[in-house]
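Below you'll find the structure, written out as C-alpha cells, and then a few comments.
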Amino acid sequence: MGITNPRDMTYIHSYGGEAIFFESLGKGKLMASRCDNPDCESKGSIFMPFRIHCPDCLMKNTVMDITDRAKEKAIVHSFMITERTGAFNTLPTPIKFVNVEFEGVCTILMGALIRGEPKIGMRVVPIFKTKDPDYIITDMLWVPADWPAKDLPEGYSY
Ligand SMILES: [Zn+2]
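Structure, rendered in C-alpha cells:
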C-alpha cells in the first residue's frame with residue numbers, strides 16, 4: 570500500500586563566498602581567484618573554476634577579473650558530446666561540453682559550447698546572459714571565436 574502526499578517546497582540557499590562569481594556572470598564578467606599568500610608554494614596560482622580558498626595553503630584567495638583573458642586567450646583543451654544533460658536539464662541536446670583552458674590559469678573550466686563544433690585547440694569566447702540572468706553556471710556559455718553576435722541565444726551577449 571502507498572500513500573501519496575504532494576509537497577511543494579522552496580529551497581533557499583546562498584552562494585556564500587562564490588556569490589561574486591555568479592553575480593558577475595549576469596554582468597558579463599568572469600571572475601577567477603588567485604592565491605596571494607607570500608608563504609604559499611603556489612602563490613600566484615589563478616583558479617577557474619573560482620575557488621574561495623587556495624587548495625594548497627587554505628588562505629582566502631583574491632578575486633580577479635579574467636573577462637578579457639577569456640575573450641582573447643581561451644581555447645578548447647578537450648571536449649565531449651553527450652545526450653545526457655546533467656543537473657539542470659536545460660541545455661539543448663546533443664550537448665557539447667568543452668573544457669576551457671585559459672592562458673596563465675592552472676585549472677580547466679568545463680562549459681557548454683552552444684554554437685559551432687568543438688575541436689581541440691580552437692579558440693572560444695564566453696557569452697553571458699545579461700538579460701534576466703538566472704545566477705547559475707548556464708549564465709555563461711561558449712561560442713567559437715568570431716561567432717556573429719546576431720546568432721547568439723536569446724538574452725546572451727558578448
Ligand atoms: Zn596558497
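The sequence shown begins at 570 in my numbering and counts up by one. Every residue, glycine too, gets a C-beta built ideally from N, C-alpha and C.
DSSP lists Ala643 as the bridge partner or partners of phenylalanine 671.
DSSP, read as helix, strand or coil, puts serine 593 in helix. Between ligand 1 and the CB of asparagine 606, the shortest heavy atom gap is smaller than 8 Å. Secondary-structure assignment with DSSP links methionine 679 through a beta bridge to Asn668. No Cβ-Cβ contact shorter than 9 Å links valine 694 with valine 667. Less than 9 Å separates the beta-carbon of serine 602 from that of threonine 631. The residue from Thr676, Gly585, Ile706 with its alpha-carbon nearest to that of leucine 682 is Ile706. Taking the Cβ atoms as the reference, alanine 643 lies roughly 7 Å from glutamate 670, within the contact range of under 8 Å. Contact check between the region 697-713 and the region 582-598: three or more CB pairs, one atom from each, fall below 8 Å, which counts as touching. Secondary structure at arginine 603: strand, using DSSP grouped into helix, strand and coil.
With 16 or more other Cβ atoms from the protein chains shown falling within 10 Å of its own Cβ, tyrosine 725 counts as buried.
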